[in-house]
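Numbering (full-length UniProt numbering), first residue to last: 1 to 512. First comes the structure, then the notes that go with it.
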């Protein structure tokens, strides 16, 4: 490790002393990508395109952090070498969402499942869902209006954003209303979310990993979600079996997958246990992944709009121009003409900048034995026995691609941007290559629709001080190291990268 890119290395303790020092600057519960960003800047590691982290004996596997688009392309888009998902990821996600989910599968089985679901995630099918997205966004606006009338304090905007994204993904995947935006939480969704929260990574060394009560809760939630989703799928399967034409008439992603299944020789009358397990695990994966990262993106977008009045003004001006002067007509316009969402160019730039600044998820891979990666400096570096983390948050804070990376500037993504053109390979919130996120178009479209429904109707302001007061706790104070990554709204690890405390906010309804 001494002669490989990385921060100062101790012969006895590896990188543990530097990580311990970093913990005095970065909160202990912060997502690791914040620490990697800080360390890459402090020790000028981006110039290599990758660097190593040795935490032995705390962690037996060395970490190889990929922080350049050139190196990331070698890992995720190589035509000659396939870097499969790391076993730790497979075990972690397998426990959370099932061993047959698309995130976990490899090889031909993954290709079969991806092909089966591709049609449902096509742009044409997603635009047919815009009226549904607009309707669910209206419910979100109604909930915000209720909070505004009752004092305006929302303890966690992320919780409200998660509810609207859950309802959207329920309709999108199964054509079902999960009613997450009601006073009675859906037990299935609760079980999926709580089960994921109880899961601990195989790389987790904390005592909590051995907590028997946590393990019992995880198994309970897993049983509840598996039982309920299997029941839903069996009921839907029965409907489709009795009326196969519905598979081509529906825009629900599960129904379209069944249509693809039949075209490839499958029969709706043959719902084997193995096939239903495959469908269950993928529906479970879609429900979680389809709401979780998007709710974080919407939450952070509202947070940054509250901190950047010039960005908010530009966004509202675009909505006035595209969706009409009356904010309450926005969803009506989208229902009448779903494709008008494509005209929300600044809104798209805002969502992209939010994803760049607050990356919700990334990829961890394993290289074939003997594989070498070429760094930005032209040298070849070993990968054997390493866990490869494609740390796109570090890449997307690189001033080489994103000038003034710690400033929130959607303008950098506009077609007529005053900044240098962004290399497409340097924007990777959904990863690149064959294993990129199947739901990326859904996430982008859904985020635009939700924001269009609310940003002109409400003003938002962070309310951490109020939350502190209500919880009787002292305010947290941070240095510039964490202020550069959202301050009190820094990202924490909760299966994915989530906003700290869900971002408490004041919500005020604007006058018409």
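Ideal Cβ placement from N, Cα and C applies to all residues, glycine included. All values reported here derive from a predicted model rather than from experimental measurement.
Item: Minimum length 4: unbroken alpha helix (DSSP H) runs contained in the region 392-469; Value: 392-395, 440-454
Item: Whole-angstrom distance between residue 162 and residue 544, CA atom to CA atom; Value: Any question about residue 544 goes unanswered here, given that the chain covers just 1 to 512.
Item: Short Cβ contact (8 Å threshold) for residue 315 with residue 348; Value: no
Item: Residue 225 burial status per 10 Å Cβ neighbour count (16 or more: buried); Value: buried
Item: Expected contact under 8 Å - CB spacing of residue 138 and residue 453 to nearest Å; Value: 6 Å
Item: According to DSSP, residues forming a beta bridge with residue 366; Value: 84
Item: 7 Å CB neighbourhood of residue 202 in its chain, flanking five on each side removed; Value: Only weak support is given to the placement of residue 202: the predicted model assigns it a pLDDT of 45, under 50, and the value that follows is read from those uncertain coordinates. Cβ within range, chain order: 88, 91, 92.
Item: Where the beta strand (DSSP E) containing residue 499 begins and where it ends; Value: 496-499
Item: Beta-bridge partners of residue 232, as assigned by DSSP; Value: Its beta-bridge partners do not exist; DSSP assigns none.
Item: Residue span of the beta strand (DSSP E) that contains residue 387, given as start and end; Value: 387-390
Item: Three-way DSSP call (helix, strand, coil) for residue 66 in this model; Value: strand
Item: Validate contact between the region 385-398 and the region 328-343 using beta carbons, cut 8 Å, 3 pairs; Value: no
Item: Among 418, 419, 436, the one whose alpha carbon lies nearest that of residue 425; Value: 436
Item: Length of the line joining the Cα atoms of residue 460 and residue 303; Value: 7 Å
Item: For residue 254, the first and last residue of its enclosing alpha helix (DSSP H); Value: 253-263
Item: Residue 570, buried or exposed, once every other Cβ within 10 Å from all chains shown has been counted against 16; Value: In the structure as shown, the chain begins at 1 and stops at 512. Residue 570 is therefore absent and cannot be evaluated.
Item: Exposed unless 16 or more other CB atoms sit within 10 angstroms - verdict on residue 488; Value: buried
Item: CB contact flag (residue 375, residue 49, <8 Å); Value: yes
Item: Selected residue, minimal CA-CA separation from residue 193, among 286, 259, 246; Value: 286
Item: CA-to-CA distance, residue 12 to residue 171, given in whole angstroms; Value: 55 Å
Item: Residue ranges of each beta strand (DSSP E) within the region 261-321, 3 or longer; Value: none
Item: Given residue 357 as reference, the closest of 177, 482, 60, 148 once Cα atoms are compared; Value: 482
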